[in-house]
Each structure stands twice: as C-alpha cells, then as structure tokens.
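Going by our numbering, 550 is the number at position 505 of the sequence shown; the sequence numbering is gapless.
Accompanying notes for the structure given below.
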Amino acid sequence: MAFTRNALLGAACLALTACFGSEEEPGGGIPRSSGDQGAPGEMTDQAAVRFKQQATFGASADDLDDLKQQGADAWIVEQLTLPVFPYTERVREEAEDNWTNDNTVQRLFWERAIHGEDQLRQRMTYALSQIVVASMRDPQLDGRARTYSVYLDILQDNALGNYCDLIREVSFNPAMGLFLTHLGNPKADPVTGFVPDENYAREVMQLFTIGIEELDSSGRPQGRETYTAEDVQGLAAVFTGLSWADTDFFFPRVTDFNRYLPMESFLAQHEDTEKQFLGTSVNVGNDAVASVEIALDYLLEHPNVAPFISKQLIQKLVTSNPSPDYVRRVAEAFEAGQFRLSNGSIVGTGQRCDLAATAAAILSDREAQTVPTDPNAGKIRNPILRVANLIRAFRVEQQVTSSGEIPDAWLLDQLERSDNLNINAFVSPSVFNFFRPGYVGPGTESAEAGLVTPEYQIATTPALVGYINVIEDFIDGPPLSDDNRNVAVMNASDLLVLSDDASALVAEIDRLLTGGMLTEANRQYIEETVDLIEVAGNNIDTDRRRRVQLALLMTATSPEFMVQR
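So this is what it looks like as structure tokens:
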C-alpha cells in the first residue's frame, strides 16, 4: 500500500473527488416496455455497464460479455429462476459454534452481493432494506443476529415476489416488532392513562405504504395529508397484543423456537373495541392477528402505495428525480402485477404489488436505458454500491456458501466506521435510513432547481476521504488462502499486460467501470498521472502493478464512476 501514500497519488485522487464534490447532481392490458435494449448481441459496452449498475452490484468483463450476448430481457427472465440462499439457516448454524452479531449478517450480505449469481434479487433486497428499515444498530436488535436473519429472509424472499406480502409478513416479524416497538405493545389502560405505542402505526403509513401526502398516479403530491394524529392513534390500537410466540406477554422467554416465528396474538392484551383510522374501522374483537391483517389489507389498497413505492425503487436503482411519466409507468406494472418485456416475455404473477414486474418495468423503461442529455438526470451512487462494483469487476470467483464456516468479508463488515464510509448494510441510524428519498441539499443549486439528492445527504468530506482510503485498501487487498476464506479479494492481473501503455490501460478500466463515460479531460489527467510512474530498472513488475493500481484508484474516485448517469 506504500504507493498510495505519496503526495502525487493523494493529490490526483483528491482532485478528481473535488470535481464530484462541487457537482450539484440530482440527479388496458399488460404494461409493456417503453424502451428497447436491442436484440442479443447488439448491446454496447456503455449500455451494458449502465444496466449492470442499475440492476446489480457490478460486473466483470465476463459478466458484461454475457449480458451483451444474451440481452437484458433474457437476463431479467433468467434472474427470476435462480435459487435463493437463506440467511436464517446460515446464521442459525453459525450460532451453534460461535457468537453471532451484526458482522455475521453483514458477511453473508457481502458474500451474496459480490459473488451471488442472483444479482437482481440481491440488489432489490438491499433497496427494500432501505425502505422497510429495521436496523441492527438499534439496542433492541444488538446481538440478535438470529432474530434479525428472519427479517432479512422476508425481504430476500419477497424481493422478486410481492411487496404487499412483504409488509404483511414484516408486520408480524419480531425483529421489526423490537425495532419499531410494537412487540409487547399492550392495550390502553383508562385507569393508569396508558396508551398504546404509536411507533409502528406511524411508520407503516409514513414510510412503508402511503407516505405523508396524497399522490396522483404519477407520484406527484396533491397538497393533502394522507393521515392525521387521530389516524395514528386508531391504527396504534390495532397493533396491540402481539409478542413472542408461545411465551408470556409481559415476561417473554425467547428460545430457538419462537425467535424464528411470527409474533403471536395475546387476546387479553389486544384492544377489543372498534379501531378507526383513515375512514375505516376494524372491529373483530380481541384477535390481534385478524385485526392487523384487516388493517393492512385496507392500507395496502390505498392508491398511494404503487406510486410511492415505485418512485423509491426507481431512486434506488436508476435516478433520483424520475419524471412523473416514468413513475406512472412503473406504478402501472406494480398495480397490474405483470410486465411485458420488449422481447415479448411476460414477467410477474398478475397479482398486485408484484416486485418482479416492478423491477422489470424500472429497468426496461426508456429513461433507464437511454443516456440522459438532461444534466439533472441520474444519481449520486451510494458508496456501498461503488465499493461492491469495484470488487465485483475484479473479483476472485467464489461460490456463495450454503453451509460451513461463513467466509470473512475483510473491511466490508466495518464500513460503518467513521474513518471508513460511515455507512453499511442493515445498520442505519434510524428508520429513515442513512439518507432520505426526499433529501434536498440546503443552499445548493440542486435545491434551487427543485431537485432531490438523497445520497448527497451522506456525501460529507470525511465520508469522501474515507471512501478513497477504503478503495486504496481493496485495490491491494488481502491474499486468499485455504485458511482464510475472504469474499473481498480483487485480482486485476489481467490489466498488467496493458500497463506499459497508459492510454490502453485507462481505456480498458474506463470501459469496465464507467462504460467509457470518462470525460476527455479526466481520461487525459489519469493517463498523464499514470505515466509519471516509470517502468524501468530492477522493479519493472512492481512499477507495472503500481500503474494499474493508480489507474484503478483514480477511475474509482472519478465523478463518472461516483455519479450514475
């Protein structure tokens, strides 16, 4: 790593990052594709890289070649057939021999993100974890990896399944019950003045289903609030009487039986009077499960759900400021539960809230497939996605494990540290994730233009410096050995044959990481900096490796890689 500590390299990387930091980026029948990726064999490098940035955690040269050969439509259809590797079984097995915590879960996440073949499912799972948030950073979930793994499997199983089913399942999940405090939530007591906890009732409306403003079918606010404080109170009464299964309500005993089960209804602690919210009522006595199911059915039928969730998924995958027409087209697929790709294949079950159909609509839309000319289009890329992209592009091939020791994820299970990225999967500081979908940078040009820039909320100076340091570490990462299985190993040795020619080296890295989007000025700057490392003397192999590392580092910290267009 010594080569990255010299002043020349530091200045080069910080110069490119400064470019990023100063840029105010935002960013009848079955619904059908509005775009056309072209027939198999016709995709360009640029189109292939853009698609992989949107639909996966990144791509190697072989991945890009495979995509161009089969086409995006066939790739989407193939992704729907790939097997799922559950979290719960792996964490449960690990817990038999070792202490499990949030790092255990993150190691499994990174193994799937870097080496999983089911990339669309993994990318959608991560997107959903930022919308329907339950964070392991919360004291109630600290050290509960086994309980948390069930929540993750709900997300993963439904990531290409059904969003409405996801919300129904997660509402009874103990991890969510602990995080948003409706596990062990008793009914009101008129004697003591106790009223039920309102946390989950508020967030299931505000964040998971309908949002705070009524929307039209294109996701545009209509100037009316969706719910009132009285609605929250009424819905809070619905979420009473739920706790760990097969135990005592007030003094529960958590075991290897009930930690994996949905919460159970305790009749004596559920509000048995009529509960009113959003103009409807729930009145089925003291059965908490029945009450919650009826309330969720009503809530999930709200017309806001499709545009509200569709827009957030577009933001996570493609662009921060999708046009109203883009949102409407995706919401139509969400409502229909089916989507017709440009090759004629139909994706989805035909049931409302189908996420396979929704994902296909997002990725197949003309706004996703066409490089925008509007400077306000696109998005700042989440640092997690940038790091994963770099590692996947040059990964040492491994299979996702289904048993045995969980491989290490060197540094990746520590990215939330303030001296690293200050962000990682599943450890957000609150239910609002690390950044909010409607974040507007105060005093910025993007704010004046009426644009939201969600990821810009975490684009602080320490985070940018931390990102450079993390990229440095991974480019010259740890060795892979039989004694030290590691999912985060990179091997860029194929680039060594180009290292004597800075122009050819940078062009290939540019092709793989940005799809050839580097500006002429930045490409020339990287080439000139690489050429300052002479290949001569007794250290030719070292010099060539340093040139490759420098070109990788500078490209991975360039605006064209950090901003998705």
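The beta carbon of each residue, even a glycine, is placed where N, CA and C say it ideally should be.
Continuous alpha helix (DSSP H) stretch holding residue i: start and end
{"i": "THR325", "result": "First-last for THR325: 325–327, but that is the beta strand (DSSP E), not the alpha helix (DSSP H)."}
{"i": "GLN82", "result": "Counting along the chain, GLN82 falls outside any alpha helix (DSSP H), and DSSP gives it neither H nor E."}
{"i": "ARG95", "result": "90–100"}
{"i": "SER548", "result": "547–559"}
{"i": "ALA494", "result": "Premise fails: ALA494 is in no alpha helix (DSSP H) and is neither H nor E."}
{"i": "SER174", "result": "164–174"}
{"i": "GLU605", "result": "604–607"}
{"i": "ASP518", "result": "506–520"}
{"i": "GLU248", "result": "244–251"}
{"i": "TRP155", "result": "147–160"}
{"i": "PRO474", "result": "Taken as a continuous stretch (DSSP letters only), PRO474 belongs to no alpha helix (DSSP H), as it is neither H nor E."}
{"i": "ASN562", "result": "Contrary to the premise, residue 562 reads as Met rather than Asn in this sequence. Neither: MET562 is in no alpha helix (DSSP H) and is coded neither H nor E."}
{"i": "PRO352", "result": "350–362"}
{"i": "ILE585", "result": "585–601"}
{"i": "LEU341", "result": "333–345"}
{"i": "LEU109", "result": "106–115"}
{"i": "TYR132", "result": "132–142"}
Paired residues, beta bridge with residue i - DSSP
{"i": "PRO266", "result": "LEU260"}
{"i": "ASP399", "result": "ASN207"}
{"i": "ASP291", "result": "Paired residue(s): none; ASP291 is not in a bridge."}
{"i": "ASP410", "result": "DSSP lists no partner for ASP410."}
{"i": "GLN124", "result": "BP columns for GLN124 are empty, so no partner."}
{"i": "ASN531", "result": "ASP453"}
{"i": "ILE391", "result": "ARG385"}
{"i": "ILE425", "result": "VAL608"}
{"i": "SER310", "result": "LEU287"}
{"i": "ARG440", "result": "MET535"}
Residue nearest to residue i in terms of C-alpha spacing, selected from the options
{"i": "LEU668", "options": "VAL178, LEU252 and GLU517", "result": "Only positions 46 to 610 of the chain appear in this structure, which leaves residue 668 out of reach."}
{"i": "ARG426", "options": "GLY80, LEU509 and ILE407", "result": "LEU509"}
{"i": "ILE130", "options": "THR446, SER603 and GLU490", "result": "Reading off the sequence, residue 130 comes out as Phe, not Ile. It is THR446."}
{"i": "GLU309", "options": "ASP332, GLU442, ASP521 and THR506", "result": "ASP332"}
{"i": "ASP539", "options": "ALA533, VAL532, LEU550 and ASN531", "result": "LEU550"}
{"i": "ILE585", "options": "PHE224, ASP545, ASP555 and ARG568", "result": "ASP545"}
{"i": "GLU87", "options": "PRO367, ILE75, LEU109 and ALA282", "result": "LEU109"}
{"i": "MET607", "options": "LEU252, LEU430, GLN267 and SER263", "result": "LEU430"}
{"i": "ALA552", "options": "LEU127, VAL593 and MET535", "result": "VAL593"}
{"i": "GLY161", "options": "ALA104, ASN146, SER180 and ARG189", "result": "ALA104"}
{"i": "GLN278", "options": "LEU460, GLU490 and ALA233", "result": "ALA233"}
{"i": "GLN124", "options": "THR89, MET169 and GLU156", "result": "MET169"}
{"i": "ARG437", "options": "ASN207, TRP155 and ILE468", "result": "TRP155"}
{"i": "ASP183", "options": "GLN175, ARG589 and MET221", "result": "MET221"}
{"i": "LEU598", "options": "GLN357, LEU435, THR394 and ASP293", "result": "LEU435"}
{"i": "ASP410", "options": "ASP90, GLN99 and THR89", "result": "GLN99"}
{"i": "ARG189", "options": "ALA158, ALA140 and GLY116", "result": "ALA140"}
Continuous beta strand (DSSP E) stretch holding residue i: start and end
{"i": "GLN321", "result": "320–322"}
Any C-beta of chain C under 7 Å from that of residue i
{"i": "SER368", "result": "Absent here is chain C; the protein component of the structure consists of one chain."}
ask   = Can you find at least 3 beta carbon pairs, one from the region 341–348 and one from the region 210–221, that sit closer than 8 Å?
value = By the Cβ criterion, the region 341–348 is in contact with the region 210–221, since at least three pairs of Cβ atoms, one from each stretch, lie closer than 8 Å.
query = If we count Cβ pairs, one from each stretch, closer than 8 Å, do we get three or more for the region 354–371 versus the region 130–138?
reply = no
message = Would the region 194–207 count as touching the region 253–260 if we require 3 or more Cβ pairs under 8 Å?
response = no
key: Entirely enclosed alpha helix (DSSP H) segments - the region 214–238, minimum 4 residues   = 219–224
key: Inter-stretch contact at 8 Å, needing at least 3 Cβ pairs: the region 184–198 / the region 139–154   = yes
inquiry  = Tell me whether the region 74–81 and the region 375–388 touch, counting them as touching only if at least three CB pairs, one residue from each stretch, are closer than 8 Å.
reply    = yes
Inter-stretch contact (C-beta, 8 Å, three-pair minimum) for the region 115–127 and the region 163–170 = yes
ask   = Does the count of Cβ pairs from the region 468–478 and the region 447–454 closer than 8 Å reach three?
value = no
request  = Evaluate the contact criterion for the region 307–324 versus the region 352–363: three or more CB pairs, one atom per stretch, below 8 Å.
outcome  = no
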